[in-house]
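Enquirer:
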Amino acid sequence: MKRVAIAGSSGSIGTQTIDVVLAEPDAYKVTALAVASASDVIIEQARRLSPDVVVVTNEEARRRVEVALPGVQVTGTLTDVVDVADVVINGVVGFAGLSVTLETLRKGRTLGLANKESLIAAGPIVQPLRATPGAQLVPVDSEHCALHQCLRSSMRPHTEVSRLVLTASGGPFRGRSAESLVGVTVQEALAHPTWKMGPKITIDSSTLMNKGLEVIEAHELYGTSYDNIDVVVHPQSVVHSMVEFTDGSTIAQLSMPDMRLPIGYALGYPDRIATPFGKIDWTTLARLDFEPPNREVFPCLDLAYEAGRRGGTAPAALSGANEVIVEAFLSGAIVWTDIARLLTRVLDRFSHTIPHTVDDVLDADTQGRRLAQEELAQ
Ligand SMILES: NC(=O)c1ccc[n+]([C@@H]2O[C@H](COP(=O)([O-])OP(=O)(O)OC[C@H]3O[C@@H](n4cnc5c(N)ncnc54)[C@H](OP(=O)(O)O)[C@@H]3O)[C@@H](O)[C@H]2O)c1
Numbered sequence: 362m363k364r365v366a367i368a369g370s371s372g373s374i375g376t377q378t379i380d381v382v383l384a385e386p387d388a389y390k391v392t393a394l395a396v397a398s399a400s401d402v403i404i405e406q407a408r409r410l411s412p413d414v415v416v417v418t419n420e421e422a423r424r425r426v427e428v429a430l431p432g433v434q435v436t437g438t439l440t441d442v443v444d445v446a447d448v449v450i451n452g453v454v455g456f457a458g459l460s461v462t463l464e465t466l467r468k469g470r471t472l473g474l475a476n477k478e479s480l481i482a483a484g485p486i487v488q489p490l491r492a493t494p495g496a497q498l499v500p501v502d503s504e505h506c507a508l509h510q511c512l513r514s515s516m517r518p519h520t521e522v523s524r525l526v527l528t529a530s531g532g533p534f535r536g537r538s539a540e541s542l543v544g545v546t547v548q549e550a551l552a553h554p555t556w557k558m559g560p561k562i563t564i565d566s567s568t569l570m571n572k573g574l575e576v577i578e579a580h581e582l583y584g585t586s587y588d589n590i591d592v593v594v595h596p597q598s599v600v601h602s603m604v605e606f607t608d609g610s611t612i613a614q615l616s617m618p619d620m621r622l623p624i625g626y627a628l629g630y631p632d633r634i635a636t637p638f639g640k641i642d643w644t645t646l647a648r649l650d651f652e653p654p655n656r657e658v659f660p661c662l663d664l665a666y667e668a669g670r671r672g673g674t675a676p677a678a679l680s681g682a683n684e685v686i687v688e689a690f691l692s693g694a695i696v697w698t699d700i701a702r703l704l705t706r707v708l709d710r711f712s713h714t715i716p717h718t719v720d721d722v723l724d725a726d727t728q729g730r731r732l733a734q735e736e737l738a739q
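Using the numbering used here, you'd call the opening residue of the sequence shown number 362 and step up by one each time.
Right under this line is the structure:
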């Protein structure tokens, strides 16, 4: 029986992780749950799943949960989920997930990483921890899970792989002109055509920043140079990514869009779970289309490439600034086209350095957020 901790249990990844665990109750048991402030959700989940530890980082919400769950260990420290688990699914959104990533690897556990921001911002700090005995990082992002599966087909990935190709659905604004995007509403940007996700990543998908961040994530996970990571738009989201090999072969991973598959892959790794999610019905799958991304209409993609190529603290600053600017868009303070415009200015103004400690990464994140606030204030 594998013990599973879910950080971010009230979110899209968190609730789908519970679905997967409940599909195989003899193989998996939830031992820890964590949220920021969603007290009603975590109380209901805890009553249903009987975890050993419940974490609520918001103090006021935590007091409500303590009263509702007498006899359960309720704490305010996110990393408390790690000790009671064999596998930790990190489904926290944003930079807040970093502590879970670091602690899980430090303790030599399996990390199912959905929280891409922590790897993107703190790659140089996270990388050495992957060598901790027992530690495993299994990506939960569907694209990186696909790459992970394709790379397993190679005995010598370091010499045989020529290119990683990430697929992108193109988001709700695929095919639109720059002019037509000036007045789009928050609701339109949140209407993702193939995936149902939390608001931050959904807006990132509409700007292609999500794909850009995933390029950085792929570089960090697999050590592939930026020149050998490409993006192709594939609106059906059935091919989740591909690996091209030196002999011209391309191996792809296909399934219908369903995040429970990559979550189950991380829970089961190195074995596969027995429950199918996203199985393809070949009698109804009519077509698979591919097209290049429009880099002029979606400049966030190349902003992320640029931050990745600069390296050091540049991805942390970009990621922090992006969180602030997306929040401003969601609250109606700016229009959609401002997102890329303001992020370009932040990246122009930011001078990157090489981070040696978590504090260096935190500083870069803070600086990125501050520059974003300054740009917003103008
Ligand atoms: N959703 C997807 O299909 C998908 C796919 C690939 C990758 N991802 C990545 O997975 C991560 C989660 O995405 P999501 O769509 O599941 O987000 P979401 O639905 O917005 O859920 C976010 C979760 O994080 C928790 N959280 C936020 N700040 C926290 C803090 N300081 N301490 C503890 N918990 C905190 C939230 O708790 P409260 O509810 O209390 O705020 C919630 O449980 C993101 O990094 C995203 O990029 C998601």
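Positions of the beta carbon are idealized from the N, C-alpha and C atoms, including for glycine.
#1: Count the other CB atoms, across all protein chains shown, that sit within 10 Å of the CB of T378; report buried if there are 16 or more and exposed otherwise.
#2: Taking the runs of the alpha helix (DSSP H) that are 4 residues or longer, which of them lie wholly in the region 524-574?
#3: Given 7 Å as the limit, tell me if M570 has its C-beta closer than that to any heavy atom belonging to ligand 1.
#4: Would you decide whether Q548 is buried or exposed? Buried here means 16 or more other CB atoms lie within 10 Å of its CB.
#5: DSSP on V604, reduced to helix/strand/coil?
#6: At the level of alpha carbons, what is the spacing between R710 and A457?
#7: What residue from I577, I403, K557 has the CA that sits closest to T418's CA?
#8: Based on Cα-Cα distance, which residue from D447, R656, T440, A366 lies nearest to T471?
#9: By a C-beta neighbour count over all protein chains shown, 10 Å radius and 16 as the cutoff for buried, is L498 buried or exposed?
#10: Whose CA, out of Y630, G729, D441, lies closest to the CA of T674?
#11: Given K640, which residues of its chain have a CB within under 8 Å of its CB, disregarding the five upstream and five downstream residues?
#12: Which residue wins for smallest C-alpha separation from T727, given the options A689, I695, A678?
#13: Mind checking which residues open and close the beta strand (DSSP E) that includes Y389?
#14: Which residues does DSSP list as the beta-bridge partners of I612?
#15: So V696 and V604 are in contact, right, with Cβ under 8 Å, and what is the actual spacing, rounded?
#16: Less than 8 Å between the beta carbons of V452 and A475, yes or no?
#17: Closer than 6 Å by C-beta to E464: which residues in its own chain qualify, once you throw out the five before and the five after it? Chain order, please.
#18: Can you give me the C-alpha to C-alpha distance between S712 and V722, rounded to a whole angstrom?
#19: Our contact map puts V461 next to A368 with C-beta atoms below 8 Å; I'd like the distance itself, whole angstroms only.
#20: Would A613 be called buried (16 or more neighbouring beta carbons within 10 Å of its own) or exposed?
#21: If you drop the 5 nearest sequence neighbours on each side, which residues of the same chain put their C-beta closer than 6 Å to that of S373?
#22: Taking the alpha carbon of L732 as the reference point, which residue from G681, T698, T718, G495 has its own alpha carbon closest?
#23: Please classify S566: is it buried, with 16 or more other beta-carbons within 10 angstroms of its beta-carbon, or exposed?
#24: Distance check for V658 and S538, CA to CA, integer angstroms please.
#25: By a C-beta neighbour count over all protein chains shown, 10 Å radius and 16 as the cutoff for buried, is I406 buried or exposed?
#26: Would you say the beta carbon of A483 is closer than 7 Å to some non-hydrogen atom of ligand 1?
#27: With respect to 7 Å, is the separation between the Cβ of N683 and the closest non-hydrogen atom of ligand 1 below this value?
#28: Could you check the C-alpha separation between G609 and P500 for me, to the nearest Å?
#29: Just mark T528 as buried or exposed, buried being the case when its beta carbon has 16 or more other beta carbons within 10 Å.
#30: Is any heavy atom in ligand 1 found nearer than 7 Å to the beta carbon of D726?
#31: Answer yes if the region 585-602 comes into contact with the region 644-660, meaning at least three C-beta pairs across the two stretches below 8 Å, and no otherwise.
#32: Would you say D650 lies against chain C (beta-carbon separation less than 8 Å)?
#33: Report yes if the CB atom of E716 is closer than 8 Å to the CB atom of P485, and no otherwise.
#34: Reducing DSSP to helix, strand and coil, say where V415 ends up.
#35: Nearest to G693 by CA position, among L551, T438, S515, is which residue?
#36: Over the uninterrupted beta strand (DSSP E) stretch that includes L498, give me the two end residues.
Expert: If we stick to the structure as given:
#1: For the purposes of this step, residue 378 is identified with residue 17 of the sequence shown, where counting begins at 1. By the neighbour-count rule (16 or more Cβ atoms within 10 Å), T378 is buried.
#2: 547-551, 560-568
#3: Counting from one through the sequence shown, the residue named residue 570 turns up at place 209. The answer is no for M570.
#4: In the sequence shown, counting from the first residue as 1, residue 548 sits at position 187. By the 10 Å Cβ count, Q548 comes out exposed.
#5: The count along the sequence shown starts at 1 and reaches residue 604 at position 243. Three-state result, V604: strand.
#6: As a first step, residue 710 is located in the sequence shown; it is residue number 349 there, counting from the start. As a first step, residue 457 is located in the sequence shown; it is residue number 96 there, counting from the start. The straight-line gap from Cα to Cα measures roughly 24 Å.
#7: Here residue 418 refers to the residue found at position 57 when the sequence shown is read from its first residue. Checking every option, the nearest Cα to that of T418 belongs to I403.
#8: The sequence position of residue 471 within the sequence shown is 110, counting from 1. Closest by alpha carbon: D447.
#9: Position 137 of the sequence shown, counted from the first residue, corresponds to residue 498. Label assigned to L498: buried.
#10: The residue given as residue 674 occupies position 313 in the sequence shown. Closest by alpha carbon: G729.
#11: Sequence index remark: in the sequence shown, residue 640 carries index 279 (1-based). Within the same chain, K640 has close Cβ partners S616, M617.
#12: Counting from 1 along the sequence shown, the entry for residue 727 is found at position 366. It is A678.
#13: Taking the sequence shown and counting its residues from 1, one reaches residue 389 at position 28. First-last of the beta strand (DSSP E) with Y389: 389-396.
#14: Within the sequence shown, the letter at position 251 stands for residue 612. DSSP lists V604 as partners of I612.
#15: Here residue 696 is taken as the residue at index 335 of the sequence shown, counted from 1. Here residue 604 is taken as the residue at index 243 of the sequence shown, counted from 1. Wrong, their Cβ atoms sit about 38 Å apart, outside the cutoff.
#16: The count along the sequence shown starts at 1 and reaches residue 452 at position 91. The count along the sequence shown starts at 1 and reaches residue 475 at position 114. Rather than Val, the amino acid found at residue 452 in this sequence is Gly. In this structure, A475 lies closer than 8 Å to G452 by Cβ.
#17: Position 103 of the sequence shown, counting from 1, holds the residue named residue 464. These residues qualify, in order along the chain: T440, V443.
#18: Working through the sequence shown from its first residue, we reach residue 712 at position 351. Working through the sequence shown from its first residue, we reach residue 722 at position 361. If you take the alpha carbons of S712 and V722, they lie about 13 Å apart.
#19: Residue mapping note: residue 461 aligns to position 100 of the sequence shown, counting from 1. Residue mapping note: residue 368 aligns to position 7 of the sequence shown, counting from 1. Between A368 and V461 the Cβ distance is about 5 Å, and since that is below 8 Å, they are a contact.
#20: Mapped onto the sequence shown, residue 613 falls at position 252. Buried is the call here.
#21: Stepping through the sequence shown from its first residue, residue 373 is reached at position 12. Closer than 6 Å at the Cβ level, and outside the excluded window around S373, lie M558, G559.
#22: As a first step, residue 732 is located in the sequence shown; it is residue number 371 there, counting from the start. The shortest C-alpha separation from L732 is found at G681.
#23: Here residue 566 refers to the residue found at position 205 when the sequence shown is read from its first residue. By the 10 Å Cβ count, S566 comes out buried.
#24: Counting from one through the sequence shown, the residue named residue 538 turns up at place 177. Counting from one through the sequence shown, the residue named residue 658 turns up at place 297. If you take the alpha carbons of S538 and V658, they lie about 7 Å apart.
#25: To locate residue 406, count along the sequence shown from 1; it is residue 45. Note that residue 406 is Gln in the sequence shown, not Ile. Buried is the call here.
#26: For the purposes of this step, residue 483 is taken as residue 122 along the sequence shown, with counting starting at 1. Result no, Cβ not under 7 Å from ligand 1.
#27: For the purposes of this step, residue 683 is taken as residue 322 along the sequence shown, with counting starting at 1. Result no, Cβ not under 7 Å from ligand 1.
#28: Residue mapping note: residue 609 aligns to position 248 of the sequence shown, counting from 1. Residue mapping note: residue 500 aligns to position 139 of the sequence shown, counting from 1. Distance between the alpha carbons of G609 and P500 is about 26 Å.
#29: Within the sequence shown, residue 528 is the residue found at index 167, counting from 1. By the neighbour-count rule (16 or more Cβ atoms within 10 Å), T528 is buried.
#30: As a first step, residue 726 is located in the sequence shown; it is residue number 365 there, counting from the start. Flag unset: Cβ of D726 not near ligand 1.
#31: yes
#32: Of the protein chains in the structure, only one exists, and it is not chain C.
#33: One-based indexing of the sequence shown puts residue 716 at position 355. One-based indexing of the sequence shown puts residue 485 at position 124. In the sequence on display, residue 716 carries Pro and not Glu. Contact: yes.
#34: Working through the sequence shown from its first residue, we reach residue 415 at position 54. Strand.
#35: Stepping through the sequence shown from its first residue, residue 693 is reached at position 332. The candidate whose alpha carbon is nearest that of G693 is L551.
#36: Translated into positions along the sequence shown, residue 498 becomes position 137. Residues 497-500.
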